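Residue numbers (this note's numbering): 309 to 780.
A virtual CB, placed ideally from N, CA and C, is assigned to each residue, including glycine.
In this text the structure is predicted, and so the values were computed from the model without any measurement.
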Ligand code: ATP
Ligand code: MG
């Protein structure tokens with residue numbers, strides 16, 4: 309275990325604990341990830357202390373440098389500071405007991421064993437001693453090492469108790485399974501299914517932290533399938549749960565939109581680490597259940613699901629307590645536009661349609677293209693290849709047009725103020741319509757995206773409705 313605590317910081321904590329007559333242990337995620345060989349250079353380090361975590365944190369920080377800022381959370385009995393790549397958090401060992409109607413435990417001082425009992429999973433309860441008598445010894449009361457070897461998530465105590473004490477742990481189980489590509493031990497999973505309804509007492513802020521971590525795992529589908537199978541998805545994201553299933557009429561079915569969406573999310577995740585692009589993938593077909601229709605002769609349709617879906621995004625973000633600013637607008641936009649590149653790749657495409665796509669997507673065009681490519685899922689490989697080839701052509705044409713016309717972030721070369729001055733108009737509808745006629749003419753390729761051409765076009769357009777520029 310010594311390799312996990314080779315950093316100088318650990319001997320410093322050990323010396324300080326010894327001199328203060330107390331005990332300290334490294335515990336939790338740091339130990340787990342070190343044993344798994346996951347990158348732990350950047351990892352937060354949790355130290356559990358017999359007695360006051362706050363006192364020891366202050367003493368250690370002072371020894372590193374008197375200037376270090378120690379943040380203290382007195383209510384939780386914790387203190388933390390940053391040093392090098394690590395944030396080190398100290399907590400006093402404690403014993404927790406819960407009543408059934410609240411997440412707030414009754415907390416008492418305890419020893420290492422009590423503290424390990426309150427941990428969520430065996431693999432998160434592993435501790436390494438920083439004490440003189442057994443420095444570097446692994447303390448593993450629940451056989452966490454064997455669970456690490458077998459890639460298993462299992463609760464240290466009877467699972468029903470662990471989950472009813474803090475139902476968020478059900479989501480954490482799934483999050484760790486997804487992040488680490490582990491299985492959840494059957495008895496533990498059965499208990500999650502039994503207790504899924506209890507998730508209702510957990511705040512969405514905490515739920516969403518876990519959802520984001522599931523989405524950031526290499527294959528988020530692992531986590532979302534477990535969420536579905538456990539009954540949790542229905543409780544926390546009912547609109548996503550509804551994507552599952554296939555209706556049949558006249559012997560015709562449609563794709564299972566849940567499976568399809570997860571495939572798209574995995575495809576996107578293989579190409580990008582962007583959390584918001586992954587959210588866009590997760591929500592891109594969210595309105596399929598509400599727009600689904602069977603039309604005789606045509607089959608199943610989901611007409612308008614991209615627009616309705618994009619309108620659902622703010623409500624979902626709000627409920628999940630996700631940020632309501634630029635990230636939400638980005639997801640909304642990608643959901644709204646997700647069919648556009650595909651449609652272009654199927655028709656003989658005009659430059660004007662490409663310019664409009666560039667204009668509407670702006671700087672997000674590359675992400676949109678990535679999402680659309682990820683959206684091409686089919687069991688028929690020839691079909692996928694065919695679509696991808698057409699898609700390549702759209703990509704190339706988009707590049708050519710962007711190089712020529714610079715549409716991506718374009719603002720029409722003449723703005724409203726200039727139009728007002730030029731024709732001595734009052735701000736209003738007429739100004740707006742003249743301004744947008746310039747934009748339309750550029751997007752349609754009638755005039756180039758240049759000032760002189762725009763001015764000439766504007767004068768001609770204004771003359772058609774009987775307006776002349778004022779003499780200077
Ligand atoms: P990571 O930080 O990589 O997401 P982690 O295991 O460090 O993983 P944290 O949420 O930082 O997870 O928590 C640190 C440790 O605290 C965990 O390893 C676990 O022992 C304990 N822990 C955290 N949340 C809970 C909880 N809800 N119930 C029980 N123990 C918990
Ligand atoms: Mg952590």
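Contact under 8 Å by Cβ, residue i with residue j
i	j	result
residue 644	residue 652	no
residue 557	residue 566	no
residue 588	residue 531	no
residue 678	residue 572	no
residue 417	residue 427	no
residue 399	residue 361	yes
residue 435	residue 334	yes
residue 600	residue 610	yes
residue 664	residue 540	no
residue 367	residue 328	yes
residue 626	residue 516	no
residue 739	residue 727	yes
residue 706	residue 672	no
residue 775	residue 762	no
residue 495	residue 467	yes
residue 356	residue 422	no
residue 432	residue 514	no
residue 354	residue 404	no
residue 617	residue 594	yes
residue 666	residue 710	yes
residue 529	residue 501	no
residue 479	residue 518	yes
Residue from the options with nearest C-alpha to residue i
i	options	result
residue 730	553, 747 and 770	770
residue 543	562, 702 and 512	512
residue 310	437, 357 and 666	437
residue 670	681, 684, 638 and 694	638
residue 735	745, 719 and 724	724
residue 330	439, 337 and 376	439
residue 373	570, 363 and 391	391
residue 493	705, 691 and 459	459
residue 680	384, 718 and 592	592
residue 451	462, 352, 563 and 317	462
residue 344	521, 352, 449 and 488	488
residue 507	406, 559 and 472	472
residue 288	570, 562 and 545	The requested residue 288 is not part of the displayed model; the chain covers only 309 to 780.
residue 718	744, 697, 733 and 737	744
Cβ-heavy atom distance, residue i to the ligand ATP, below 7 Å
i	result
residue 503	no
residue 590	no
residue 676	no
residue 433	yes
residue 666	no
residue 462	no
residue 477	yes
residue 474	yes
residue 323	no
residue 419	no
residue 428	yes
residue 402	no
residue 390	no
With 16 other Cβ atoms within 10 Å as the buried cut-off, status of residue i
i	result
residue 388	buried
residue 759	exposed
residue 430	buried
residue 778	exposed
residue 465	exposed
residue 379	exposed
residue 702	buried
residue 773	exposed
residue 612	exposed
residue 646	buried
residue 469	exposed
residue 714	exposed
residue 510	buried
residue 700	exposed
residue 579	exposed
residue 692	exposed
residue 632	exposed
Residue i CB to nearest heavy atom of the ligand MG below 7 Å
i	result
residue 337	yes
residue 352	yes
Beta carbon proximity, residue i to chain B, threshold 8 Å
i	result
residue 390	This model lacks chain B altogether, as it is built from one protein chain only.
*What beta strand (DSSP E) runs, 3 residues minimum, are completely inside the stretch 429 to 462?*
435 to 437
*Continuous beta strand (DSSP E) assignments of at least 3 residues falling wholly in the stretch 343 to 415*: 353 to 357, 379 to 381, 386 to 391, 394 to 400 and 402 to 405
*Ignoring anything shorter than 3 residues or poking outside the stretch 620 to 703, list the beta strand (DSSP E) runs there in chain order.*
none
*Unbroken stretches of the alpha helix (DSSP H), 4 residues or longer, contained in the stretch 578 to 612*: Counting whole runs of 4 or more residues, the stretch 578 to 612 contains the alpha helix (DSSP H) stretches 583 to 591 and 596 to 599.
*Counting only runs that start and end within the stretch 466 to 550, where is the alpha helix (DSSP H) found for 4 or more residues in a row?*
467 to 473, 476 to 488, 494 to 503, 512 to 523, 528 to 538, 540 to 544 and 546 to 549
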